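Asker: 60 is the number of the first residue of the sequence shown in the numbering used here; add one for each residue after it.
Each residue gets a CB set at the ideal place from its N, CA and C atoms; glycine is no exception.
Since the structure is predicted, the reported quantities are computational estimates derived from the model, not experimental observations.
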Amino acid sequence: MDRETCLSFDRQDPLAAIREEFVVPDGLIYLDGNSLGALPRRTVSRLNQVVAEEWGNGLIRSWNDAHWIEAPVRIGDKIARLIGARPGEVIVADSTSVNLFKLLAGALRLQPGRHFILTETANFPTDLYVAQGLTDLLGGNHAVRLVERGQLDAALDGSVAVLMLTHVDYASGAIQDMRRLTAAAHKYGTLVLWDLSHSAGAVPIDLNGCEVDLAVGCGYKYLNGGPGAPAYLFIASALQDAMRSPLSGWMGHAAPFAFEREYRPAAGIARQLAGTPPVLSMMALEVAIDLWLGVDQGEARRKSMALGDLFIRLVDETCRDLGLEVASPRNAEARGSQVSLRHKQAYRVIRALIDRGVIGDFRTPDIMRFGFAALYTRYVDIFDAVRCLREVLTSRAWERPEYATPMSVT
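#1: Do the CB positions of residue 290 and residue 277 come within less than 7 Å of each other?
#2: By a C-beta neighbour count over all protein chains shown, 10 Å radius and 16 as the cutoff for buried, is residue 103 buried or exposed?
#3: To the nearest angstrom, how far is it from the Cα of residue 98 to the Cα of residue 283?
#4: Report the option in 469, 447 and 345 whose CA atom is closest to the CA atom of residue 88.
#5: What first and last residue would you give for the alpha helix (DSSP H) that runs through residue 420?
#6: Could you pull the DSSP bridge partners for residue 274 from this structure?
#7: Please classify residue 345: is it buried, with 16 or more other beta-carbons within 10 angstroms of its beta-carbon, or exposed?
#8: Apply the 10 Å Cβ neighbour rule to residue 322 and answer buried if 16 or more other Cβ atoms are within range, or exposed otherwise.
#9: Out of 107, 151 and 112, which one is the CA nearest neighbour of residue 337?
#10: By Cβ distance below 6 Å, which residues in the same chain neighbour residue 154 in space, the five residues on each side in sequence not counted?
#11: For residue 429, which of helix, strand or coil comes out of DSSP?
#12: Which term fits residue 126, buried or exposed, when burial requires 16 or more other beta carbons within 10 angstroms of its beta carbon?
#13: Looking at residue 81: is its Cβ nearer than 7 Å to the Cβ of residue 438?
#14: If you count every other CB in all the chains shown that lies within 10 Å of the CB of residue 363, and 16 or more means buried, which is it?
#15: Between which two residues does the alpha helix (DSSP H) holding residue 413 run?
#16: Under the criterion of a Cβ to heavy atom distance below 6 Å, does residue 399 qualify as lining the ligand ZN?
#17: In three-state terms, what does DSSP make of residue 99?
#18: Out of 400, 432, 248 and 138, state which residue places its alpha-carbon closest to the alpha-carbon of residue 358.
#19: Identify which residue in 94, 324 and 79 has its Cα closest to the Cα of residue 280.
#20: Could you tell me which residues DSSP pairs with residue 174 in its beta bridges?
#21: Nearest-angstrom Cα distance between residue 410 and residue 422?
#22: Could you please give the first and the last residue of the uninterrupted beta strand (DSSP E) stretch that includes residue 203?
#23: Between the beta-carbon of residue 397 and the beta-carbon of residue 232, is there less than 7 Å?
#24: Who are the Cβ neighbours of residue 21 in its own chain at under 8 Å, not counting the five residues just before and after it?
#25: If you follow the beta strand (DSSP E) that residue 243 is part of, which residue opens it and which one closes it?
#26: If you count every other CB in all the chains shown that lies within 10 Å of the CB of residue 342, and 16 or more means buried, which is it?
#27: Check whether the segment 169 to 180 and the segment 196 to 215 are in contact - that is, three or more C-beta pairs closer than 8 Å.
#28: Assess contact between the segment 106 to 124 and the segment 452 to 463, defined as three or more Cβ pairs (one per stretch) separated by less than 8 Å. Is contact present?
#29: What distance in whole Å lies between the Cβ atoms of residue 463 and residue 389, which are believed to be in contact at a cut-off of 8 Å?
#30: To the nearest angstrom, report how far apart residue 200 and residue 187 are at their CA atoms.
#31: Taking the alpha-carbon positions, what's the residue 121 to residue 316 distance?
#32: Which one of 74, 300, 185 and 69 has the shortest CA to CA distance from residue 351?
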């Protein structure tokens, strides 16, 4: 495989023109869209409009005139189209962690007599922390049951209230079988909650087709909503009227501006709102979602798999015997839109790569993650990144003393 061949792949790429919709600095190879997506160019002009016109001139009138108040439901309906949900089943609100808390608490309330949240030991830490914190808050009547991935089926029984899983593993990129595991849990009457943070914008999702009960996801990774973008949550239509949020804020009230003394939950998904929506970040997210809705999802998935396959092939061909191990599934169908490599000096290698304009990230203890965003990553980027990786490893450039000191964000 040579560089000219990779350039020819880019010339034939049906998604190549979409890269121009994003701000990608010259000379930079950005392979971290699985952590923070790139900035859509339209976001800049849209936020300028919101700040200068809607906020600056419209002031409080813009809650009505610019339809700010409708944003959580409106954007939620757009995200629903990307994850296989119906209108009215998704709402944009809060953070992924807060939404996990809300849905876990609501699910436990629906399952009296069941005392366990079942999840895997390798789940993303915030999912584990939220579940542990919730069970502590409930005073010892509930507990988190942690098992290895291969033991999930055996751990399911009538005592499990909720099975909480992440669809695409944050460290390895491995995809869980959503359809099979959801069906397995339902045989015991267990509700299923999926975290889609590394899935939406990366792999096909069909929540309704898999009969999923609950889901959460973030807006700042592959969806490109910006740093700290609002998250979203999904509740299947059949469960919505029974699901009560533990955070009964005024925006989740049936009539927020009636200012009643007692809380009455809104109908449907809107009852999952709590506080006032963060308008600026919601508008940024909406721009990115609108861009996604104009993309052929099948083409995006085919490209992301091809990028991952190319990365693995080049690592195998050029970085053999340099201390690397592919930590992601080699089968593209079983892998999200990232490839993870193991190396004993992973953190220092990533630091050296970043200083050379190749941005991936590190996850403890020895994982280097490289994310491939189909909307703006090129095949030639993969070639150049692996060539740079080989140079860092063969020259031992990672041995510079400053690379041994961890930064606040890795």
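Answerer: Reading off the structure:
#1: Here residue 290 is near residue 277, since their CB atoms are less than 7 Å apart.
#2: That one is exposed.
#3: Rounded to the nearest whole angstrom, the CA to CA distance from residue 98 to residue 283 is 7 Å.
#4: Among 469, 447 and 345, the Cα nearest to that of residue 88 is on 447.
#5: Where residue 420 is concerned, there is no enclosing alpha helix (DSSP H), although the beta strand (DSSP E) it sits in stretches over 420 to 422.
#6: According to DSSP, which records beta bridges pairwise, residue 274 is partnered with 253 and 293.
#7: Per the 10 Å Cβ criterion, buried.
#8: The C-beta of residue 322 has fewer than 16 other C-beta atoms within 10 Å across all chains shown, which makes the residue exposed.
#9: A check of alpha carbon separations from residue 337 across 107, 151 and 112 identifies 151 as the nearest.
#10: Result list for residue 154: 290, in chain order.
#11: Taken through DSSP and simplified to helix, strand or coil, residue 429 comes out as strand.
#12: Classification of residue 126: exposed, given that the 10 Å Cβ count is below 16.
#13: Cβ distance not < 7 Å, so residue 81 and residue 438 don't count as in contact.
#14: The residue in question, residue 363, is buried, as its Cβ has 16 or more Cβ neighbours within 10 Å.
#15: Residue 413 -> alpha helix (DSSP H) spans 405 to 414.
#16: This structure lacks the ligand ZN, and indeed carries no ligand of any kind.
#17: Under the three-state reduction of DSSP, residue 99 is assigned to strand.
#18: Comparing alpha-carbon positions, the option among 400, 432, 248 and 138 lying closest to residue 358 turns out to be 432.
#19: Residue nearest to residue 280 within the set 94, 324 and 79 is 94 (criterion: CA-CA distance).
#20: DSSP, once it has assigned bridges, lists no residue as partnering residue 174.
#21: Going by C-alpha positions, residue 410 is about 12 Å away from residue 422.
#22: For residue 203, the uninterrupted beta strand (DSSP E) segment begins and ends at 202 to 206.
#23: Yes, Cβ-Cβ distance for residue 397 and residue 232 is below 7 Å.
#24: This structure gives no information on residue 21, because the portion of the chain shown stretches from 60 to 469.
#25: Membership of residue 243 in any beta strand (DSSP E) is not indicated; the residue belongs instead to the alpha helix (DSSP H) covering 237 to 245.
#26: Buried: at least 16 other Cβ atoms inside 10 Å.
#27: Contact check between the segment 169 to 180 and the segment 196 to 215: three or more CB pairs, one atom from each, fall below 8 Å, which counts as touching.
#28: Counting Cβ pairs under 8 Å, fewer than three are found: no touch.
#29: Incorrect: roughly 31 Å between the Cβ atoms, too far for contact.
#30: If you take the alpha carbons of residue 200 and residue 187, they lie about 17 Å apart.
#31: The C-alpha of residue 316 is placed about 16 Å away from the C-alpha of residue 121.
#32: Nearest of 74, 300, 185 and 69 to residue 351, Cα basis: 74.
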